[in-house]
Amino acid sequence: MKIIKIMKRFNFLYFIAVVMLSIVGKTQANEGITPLKLPIVLMGSFDDKLTYQNLMHTVLPRNRQWLGLFCKNKVCEVKPAQVKVSDHIEKWELNGESVTSDKLEVKGKPLAVFLGVPNIKVGKVATYSFGSDSINTLQLIEGGGYADEAINKIAFYRQLHSKKGWKIPSNNTQSMTLLREVVTKKPTDKNLYIEDISILKLNSGLNTQVLLKKGAFGHYGTPALPLIDWIGDLDNDGKIDILLSIVTECGYDYRLFLSSLANVKKGELIHNTAKTQGELMRCGC
646 MKIIKIMKRF
656 NFLYFIAVVM
666 LSIVGKTQAN
676 EGITPLKLPI
686 VLMGSFDDKL
696 TYQNLMHTVL
706 PRNRQWLGLF
716 CKNKVCEVKP
726 AQVKVSDHIE
736 KWELNGESVT
746 SDKLEVKGKP
756 LAVFLGVPNI
766 KVGKVATYSF
776 GSDSINTLQL
786 IEGGGYADEA
796 INKIAFYRQL
806 HSKKGWKIPS
816 NNTQSMTLLR
826 EVVTKKPTDK
836 NLYIEDISIL
846 KLNSGLNTQV
856 LLKKGAFGHY
866 GTPALPLIDW
876 IGDLDNDGKI
886 DILLSIVTEC
896 GYDYRLFLSS
906 LANVKKGELI
916 HNTAKTQGEL
926 MRCGC
């Protein structure tokens with residue numbers, strides 16, 4: 646009987662050890678991976694196949710109901726979106742090991758998809774400008790790359806970098822302009838490099854709001870350019886809302902600004918309601 650008790654005790658301890666090792670293994674496997682927190686906005690060239698299959702594993706929530714911004718002939722509406730998040734397993738060319746990442750499949754080609762964003766309801770929304778009306782990544786590539794000379798040949802950036810800025814087209818009486826400037830930040834430590842900071846501002850009359858402020862160049866020297874993906878009235882309050890993304894080499898940076906959530910006391914014209922940033926699972930050679 647004593648031997649049986651010892652064996653049962655051993656089996657119980659063995660079971661606990663296996664569970665603990667399993668938890669530790671999962672923790673180590675997911676170390677450094679931070680799941681995206683709500684609200685989430687994602688943009689891209691969504692199609693009926695798959696757009697993303699290189700997102701860090703487990704960053705996107707599974708089995709949730711998303712909303713999408715669908716546009717046809719410059720008429721846009723918010724509708725439930727068919728979004729599927731699943732595991733994508735492939736062999737890594739460098740060492741032949743299996744690598745698991747998130748695969749995102751979106752049907753119907755929406756301009757953007759949203760999860761957990763407040764003040765957005767199903768229905769038609771006013772649209773004032775598309776990214777193709779101002780600037781997109783393809784235009785930059787066809788224009789000769791990301792050098793300053795190529796950027797400033799494009800009318801949108803020429804206006805955006807001017808003192809007057811780029812006037813946002815809209816059907817309401819609220820006149821707004823976007824301005825981008827690059828300033829030099831002197832390091833406190835002499836051993837550090839001087840950093841250029843890219844600042845995007847929104848002006849309306851005497852009010853000015855800084856929409857984003859970050860390093861002007863990425864890891865490989867690519868300018869951190871704001872791409873204006875869509876401007877309209879997403880929350881149906883009669884004021885301007887903005888969807889924008891930032892050029893990144895090894896990740897994604899999407900932002901949704903809603904006017905209905907603006908903190909007027911803090912001088913906000915629009916509020917950065919959803920800021921979705923992250924890194925791709927692997928990048929480079």
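Plus 645 on top of the position in the sequence shown (first one is 1) and you've got the working numbering.
C-beta atoms are modelled at their ideal positions from N, C-alpha and C, and glycine is treated no differently.
Assuming I887 and I844 make a contact with CB atoms under 8 Å, what is their CB distance in whole Å?
Contact flag wrong, Cβ pair sits at about 16 Å.
Can you give the Cα-Cα distance for L683 and Q727, rounded to whole angstroms?
18 Å
Alpha-carbon to alpha-carbon, G912 and Q854:
7 Å
Within this structure, are the beta carbons of V730 and K754 separated by less than 9 Å?
no
Nearest to W875 by CA position, among Q922, D778, R803, A919, is which residue?
D778
Just the C-alpha distance for L925 and M688, rounded to the nearest angstrom, thanks.
15 Å
What residues match up with K717 in a beta bridge as DSSP calls it?
V720
In three-state DSSP terms, what is G768?
strand
Would you say N881 and A757 are within 9 Å of each other, going by their C-beta atoms?
no
CB-CB under 7 Å to G776, same chain, minus the five flanking residues each way: which ones, in chain order?
L872, I873, D874, W875
Burial state of C721, where buried means 16 or more other Cβ atoms lie within 10 Å
buried
Can you tell me which of T921, H702, G713, Y697 puts its alpha carbon nearest to the alpha carbon of T745?
H702
Considering only DSSP beta bridges, list what T703 is partnered with.
BP columns for T703 are empty, so no partner.
Rounded separation between D898 and Q922 - CA only:
4 Å
Considering only the beta carbon of each residue, do I685 and G761 sit closer than 9 Å?
yes
Mapping the DSSP letters down to three states, classify Y838 as helix, strand or coil.
coil
Close-in-space but distant-in-sequence residues of the same chain around S849 (CB under 6 Å, 5 per side omitted):
M821, L914
Hey, how far is the Cα of T893 from the Cα of I796?
16 Å
Could you give the residue range of the alpha helix (DSSP H) that holds F902?
Careful: F902 lies outside any alpha helix (DSSP H), inside the beta strand (DSSP E) at 896-903.
Would you report the Cα separation of W811 and K884, rounded to the nearest angstrom?
18 Å
Look up K754 in the DSSP assignment and say whether it is helix, strand or coil.
coil
Got a sec, what are the start and stop residues for the alpha helix (DSSP H) Q993 sits in?
Any answer about residue 993 is impossible in this case: the structure gives the chain only from 646 up to 930.
Length of the line joining the Cα atoms of N816 and G877:
9 Å
Can we count L888 as close to the ligand ATP, meaning its CB is less than 8 Å from some heavy atom?
The model on display carries no ligand, and the ligand ATP is accordingly not part of it.
For Q819 and G863, I'd like the C-alpha separation in whole angstroms.
34 Å
Can you say whether L737 is buried or exposed, counting buried as having 16 or more other CB atoms within 10 angstroms of its CB?
One detail in the question is off: residue 737 reads as Trp in this sequence, not Leu. Answer is exposed; the Cβ neighbour count stays below 16.
Tell me which residues share the same chain as D732 and place their Cβ nearer than 6 Å to its Cβ, disregarding the 5 neighbours each side in the sequence.
T745
Close Cβ partners of T679 (< 6 Å) along its chain, the five nearest in sequence each way excluded
none
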